[in-house]
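**Student:**
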Amino acid sequence: EPEDIAHARALYEQAKVQEKWAAVEYERARKLTPNALGQAEYDRILTNYYDARAAVKVQKAHVAKVEAKTRPEKINAAKAEVQRARAVRDRAKYYLDKTKIHAPADSEGKPCVFTVLQKNVNPGESIQADFLYTALCTLADLREMEAEVEVQERDLHLLYKGMPCEVLPDAYPDRPYQGVLRRMQPLVNRQRGVVQVKVAISAPDEYLLPDMNARVLFLKDASGKPNSPLSSASKGAFASGRDG
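Per the working numbering, the sequence shown runs over residues 1 to 244.
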């Protein structure tokens with residue numbers, strides 16, 4: 001029974017403690033001179049040491065014997081109880097993990113370094129399942145920036161993916177940024193006759209911020225493809241290339 005096993009193990013631990021102290025007493029006696037201790041006292045200490053060692057062996061064997069007598073059904077019941085406890089633990093861990101908000105760790109194999117652009121709730125606030133906001137906060141990796149511009153339908157045939165561009169922020173007109181046309185949105189604004197184009201900034205810095213206004217110039221590349229004949233630069237705004 002479990003109680004018998006616990007009792008046998010307790011006796012075994014007690015025997016080990018007694019052996020430890022008997023060994024200490026024996027070592028102390030062995031270092032003394034015969035005249036300082038006396039033969040009879042030395043024999044008593046040595047006998048106690050041997051008895052303590054023997055008692056440890058006896059109690060260890062007794063524990064093994066008691067454990068061997070434990071019925072298989074008791075062992076199976078204990079294993080089942082362990083499994084139930086693990087299930088309870090896993091369920092509690094699942095709900096605990098649901099209380100944490102995690103930002104994406106990486107994107108396209110690159111680690112993200114996010115900046116909080118907007119916070120819709122504060123720590124400690126309670127929210128319901130039908131929460132008004134669609135996001136708790138807005139994050140962005142400002143190391144990747146895009147300029148979003150609108151181009152007239154009639155000029156789309158002059159643009160292509162990878163086309164070199166020059167981006168001029170309104171806030172810093174004398175600080176041009178190089179970029180390339182990353183993609184054109186597959187949707188046309190029928191009322192205005194324009195298509196949104198996204199230009200990836202090659203080397204953004206701390207001066208560029210989301211929603212800044214900018215102008216985009218479409219340039220001739222090294223292969224000799226013609227300049228865009230757009231009479232004026234397209235107007236747009238900056239956005240983070242990776243957000244969450």
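Beta carbons: idealized from backbone N, C-alpha and C, even for Gly.
1. Output the distance between the C-alpha atoms of Pro176 and Tyr160, rounded to the nearest integer angstrom.
2. Report buried or exposed for Pro204, applying the criterion of at least 16 other Cβ atoms within 10 angstroms of its Cβ.
3. Whole angstroms is fine: what's the gap from Ile75's alpha carbon to Ala15's?
4. Tell me whether Pro226 is buried or exposed, calling it buried when 16 or more other Cβ atoms sit within 10 Å of its Cβ.
5. Name the DSSP bridge partner or partners of Lys198?
6. Only counting the same chain, and skipping five residues up and downstream in sequence, which positions put a Cβ closer than 6 angstroms to that of Pro229?
7. Distance, Cα to Cα, His49 vs Pro72?
8. Using DSSP with H/G/I as helix, E/B as strand and the rest coil, what is Arg175?
9. Please classify Asp65: does DSSP put it in a helix, a strand, or coil?
10. With Val216 as the anchor, note down where its beta strand (DSSP E) starts and where it stops.
11. Here's the rule: buried if 16 or more other CB atoms are within 10 angstroms of the residue's CB, otherwise exposed. What is Pro173?
12. Leaving aside the five residues before and after Ile101 along the sequence, list all residues of the same chain whose C-beta is less than 7 angstroms from its C-beta, in chain order.
13. Once you ignore the five residues that flank Lys60 on each side, which residues in its own chain have a CB closer than 7 angstroms to its CB?
14. Just verifying my parser: in three-state terms, what is the DSSP assignment at Lys16?
**Tutor:** Let me spell this out:
1. Looking at the backbone, the Cα of Pro176 and that of Tyr160 are separated by about 21 angstroms.
2. Buried: at least 16 other Cβ atoms inside 10 Å.
3. Roughly 27 angstroms separates the two Cα atoms.
4. Its pLDDT being 46, under 50, Pro226 is placed unreliably in this model, and the value from its coordinates should be taken loosely. Around the Cβ of Pro226, a 10 Å sphere holds fewer than 16 other Cβ atoms; the residue is exposed.
5. In DSSP, Lys198 forms a bridge with Glu148, Arg183.
6. Unreliable placement is indicated for Pro229, whose pLDDT of 40 sits below 50; no coordinate value is reported for it.
7. Note on residue identity: the sequence assigns Tyr, not His, to residue 49. If I take the Cα positions, the gap works out to 38 angstroms.
8. When DSSP states are grouped into helix, strand and coil, Arg175 belongs to the coil group.
9. The identity of residue 65 in the sequence shown is Lys, whereas the question assumes Asp. In the structure shown, Lys65 sits in a helix (DSSP, three-state: H, G or I).
10. From DSSP, the beta strand (DSSP E) with Val216 extends over 213-218.
11. Residue environment analysis places Pro173 among the exposed positions, since fewer than 16 neighbouring C-beta atoms fall within 10 angstroms of its C-beta.
12. Correct list, in chain order: Leu136.
13. Leaving aside the five residues that flank Lys60 on each side, the residues in its chain whose CB is nearer than 7 angstroms to its CB run, in chain order, Tyr12.
14. DSSP places Lys16 in helix when its eight states are reduced to three.
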